[in-house]
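According to the working numbering, the stretch in the sequence shown is residues 22 to 68, in order.
Working notes for the structure below.
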Amino acid sequence: MRRNKEGFQRKEGLQAQLLQVYQRLWEKFGPRHWWPAETPFEVIVGA
Numbered sequence: 022m023r024r025n026k027e028g029f030q031r032k033e034g035l036q037a038q039l040l041q042v043y044q045r046l047w048e049k050f051g052p053r054h055w056w057p058a059e060t061p062f063e064v065i066v067g068a
């Protein structure tokens, strides 16, 4: 994990890590289609 001199994670490093985790999960499990809605409008309202 990259940290700056104050000990905080650098935004770029954190973003890269999150994208890597997302990519690995996507490759293993694929799209989950878990949101209980039939239309994009229902997804927006439900969020």
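Virtual Cβ for every residue (Gly too), placed ideally from N, Cα, C.
Just reading off the alpha helix (DSSP H) that GLY34 is part of, what are its end residues?
First-last of the alpha helix (DSSP H) with GLY34: 32-50.
Express the C-alpha separation of GLN38 and LYS49 in angstroms, rounding to a whole number.
17 Å
Between the C-alpha atoms of ALA68 and LYS32, what's the straight-line distance to the nearest angstrom?
26 Å
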